[in-house]
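*Asks:* Here it is: the structure, laid out below.
Numbering (our numbering), first residue to last: 110 to 180.
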């Protein structure tokens, strides 16, 4: 299991940034800027983050604005 999630901007950069910020707020994760997006370190096994569900709750069309990557 990956220990980080990478979110990359697609299309509308402003909307992608709003999604990044909402994701950090809802999950309590810290976002670290990287080229083209952000990276979030995932907590240990004691706390499960439902990444796709959270992104969908933020914006049902999130995949138009953000690409999800796991290293």
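Every residue, glycine too, gets a C-beta built ideally from N, C-alpha and C.
Since we're looking at a predicted model, the values are computed, not measured.
Since I believe residue 175 is in contact with residue 116 (beta carbons under 8 Å), could you give me their beta-carbon distance rounded to a whole number of angstroms?
*Replies:* 5 Å
*Asks:* Leaving out the 5 sequence neighbours to the left and right, which residues in its chain are closer than 8 Å to residue 143 when beta-carbon positions are compared?
*Replies:* 115
*Asks:* Return the bridge partner residues of residue 177 from the DSSP annotation.
*Replies:* DSSP, once it has assigned bridges, lists 116 as partnering residue 177.
*Asks:* Is it the case that the Cβ atoms of residue 133 and residue 149 are separated by a distance below 9 Å?
*Replies:* yes
*Asks:* Residues bridged to residue 142 by DSSP?
*Replies:* 147
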